[in-house]
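Residue numbers (the numbering used here): 3 to 212.
Ideal Cβ placement from N, Cα and C applies to all residues, glycine included.
Please read all numbers here as calculations on a predicted model, not as lab measurements.
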C-alpha cells in the first residue's frame, strides 16, 4: 500500500474562497473519475468553502473552477445594466477578448447616456461632453474604449485576438470614468449637503450668481 503524503496546499487551514472572497475554513477532497471506481486523479482537488458552501476545483495550486478572469469588480455606482454587461464581458475575456471588448463598448454607450448624453452615437456623445468641459484624460479614456470596441465589432488595425491585455484595459477605464464622473461628484455633493449650513449655501449661491 502506497502512503500518500499531503502537500502544503492540502495542509492549509484556510484559503480565500474564489466565490465569496472570504478567508474561510474548507472541506478538502480528491476528485474521482466516476462514482464506481473511486479512482483519484493525481493533483486535482475539490475545496468546499465552509462560509458560502460553494465548491472550487484546483489542479495543484491552480484554480480551475470557478474561472479566474483577473478583472476588478465593476464600480458600484454604475447602473445595474452596465454592471451586468461588465460582468458578462469579464466572464468571456479568457475565451474571446474581441467579444469582451464589444460588450465594453456597449457599456460605454449606456454610460454616456447615464452622463446625460443621447447614447446613440458614442463619438457624438464624447464631442458633447468635451464641449461641456470634459477632463482631457477622461476624454482619452472614452475614446480608447470607443476605438477598441469599434475594432472588436468591425475589422480594424487593432488585433484583439492576439492581445488580451488590450481588452483587459477596458475594464479599468470604465471604472476610472465612473469613479471620476459619478462617484467623486456624488461623494462631494453628499458631504457638501451634509456639512454646509443652509445660510452659508445661500451666501455661496449669491457669490456665484453675481
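Take residue i and list the residues in its own chain whose beta-carbon comes closer than 7 Å to its own, dropping the five residues that flank it on each side.
{"i": "residue 116", "result": "81"}
{"i": "residue 139", "result": "none"}
{"i": "residue 200", "result": "none"}
{"i": "residue 53", "result": "19, 22, 24 and 26"}
So, using beta-carbon positions, are residue i and residue j closer together than 8 Å?
{"i": "residue 185", "j": "residue 89", "result": "no"}
{"i": "residue 74", "j": "residue 19", "result": "no"}
{"i": "residue 104", "j": "residue 72", "result": "no"}
{"i": "residue 65", "j": "residue 83", "result": "no"}
{"i": "residue 119", "j": "residue 133", "result": "no"}
{"i": "residue 45", "j": "residue 62", "result": "yes"}
Locate the beta strand (DSSP E) running through residue i, then write down its first and last residues.
{"i": "residue 65", "result": "64-67"}
If I measure Cβ to Cβ from residue i and keep anything under 6 Å in the same chain, skipping five residues before and after, which residues do I get?
{"i": "residue 3", "result": "Annotation note: pLDDT 38 at residue 3 (below 50); position unreliable, coordinate value reported separately. Correct list: empty, nothing qualifies."}
{"i": "residue 94", "result": "101 and 102"}
{"i": "residue 91", "result": "102, 105 and 106"}
{"i": "residue 166", "result": "99"}
Determine the extent of the alpha helix (DSSP H) in which residue i is found, giving its start and end residues.
{"i": "residue 171", "result": "166-180"}
Would you mind giving the Cβ-Cβ distance between residue i and residue j, rounded to the nearest angstrom? I have them listed as a contact below 8 Å.
{"i": "residue 144", "j": "residue 128", "result": "5 Å"}
{"i": "residue 110", "j": "residue 124", "result": "6 Å"}
* If you scan the stretch 62-143 from start to end, which runs of the beta strand (DSSP E) of 3 or more residues do you find wholly inside it? -> Qualifying beta strand (DSSP E) stretches, in chain order: 64-67.
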